[in-house]
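Numbered according to the numbering used here, the sequence shown spans residues 9 to 148.
Every residue gets a Cβ at the ideal spot worked out from N, C-alpha and C, and that includes glycine.
Keep in mind the model is a prediction, meaning the values are calculated, not measured.
Notes for the one structure printed next.
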Amino acid sequence: LSYKGIMAGKSDDSHQVELLETYDLDALSLFEDAKPCWQLSNTVIRNWGDAMAAIAVKKRGDIVGFLVYNKENKRVCRFGVRKDFRRQVIATALFAYVSERFDKQITVVNMDGATESVNTFLKGSGLAFFAGQWEMERTL
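Set out below in structure tokens:
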């Protein structure tokens with residue numbers, strides 16, 4: 009599923025968001041509730057190189073939430089928050105950072121429609137659904 013719009017929520021400045029110089033997508037992937045589609049896989053994101061910006065919220069030096077943003081096509085590719093840090097406006101802080109520093113209009117593409125937590129967050133943040141897709145499988 010894909011969403012776009014202007015975020016309704018504002019960060020309360022209780023979380024320090026920072027741009028990461030380097031990041032381990034394999035470790036950050038553990039924060040996500042669903043496996044990303046192949047177009048947003050770790051390999052594809054690595055191949056985009058400098059077009060991608062990774063931002064994070066850290067607590068006591070450890071990353072507790074992350075977001076990967078494509079600066080060329082202006083889309084949020086992936087995001088996640090560690091389960092034990094959810095419902096603490098960390099994702100809101102990450103999206104607010106993108107809105108303030110990259111583009112006020114947020115676009116999020118290729119989210120898994122079955123991942124209720126992600127879709128609930130995006131809808132609750134004021135983003136509007138604009139495209140759906142279906143995974144096509146062929147049984148051999």
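Within 8 Å, do at least three Cβ pairs link the stretch 44-56 to the stretch 98-108? Under the three-pair Cβ rule at 8 Å, the stretch 98-108 does not count as touching the stretch 44-56.
Taking the straight line between their C-alpha atoms, what separation do you get for V106 and K82? 9 Å
At the level of alpha carbons, what is the spacing between L135 and V126? About 12 Å.
Does the separation of the CB atoms of A42 and T123 fall below 8 Å? yes
Please report how far the alpha carbon of M15 lies from the alpha carbon of T147, in whole angstroms. 41 Å
Cutoff 7 Å; reference L28; Cβ partners in own chain excluding five residues on either side: A62, I63, A64
Closest to F87 by C-alpha separation, out of W56, S22, L130, would be which residue? L130
Cβ-based burial, G73 [other Cβ within 10 Å; buried from 16]: buried
Which whole-angstrom value is the C-beta distance of T115 and V84, which I expect to be below 8 Å? 7 Å
Whole-number beta carbon distance between H23 and V97, since they are thought to touch under 8 Å: 7 Å
Classification of L48 by the beta-carbon crowding that lies within 10 angstroms, buried from 16 upward: buried
Rounded C-alpha distance that separates L38 from C45: 15 Å
How big is the Cα-Cα spacing for E26 and N78? Those two C-alpha atoms are separated by around 16 Å.
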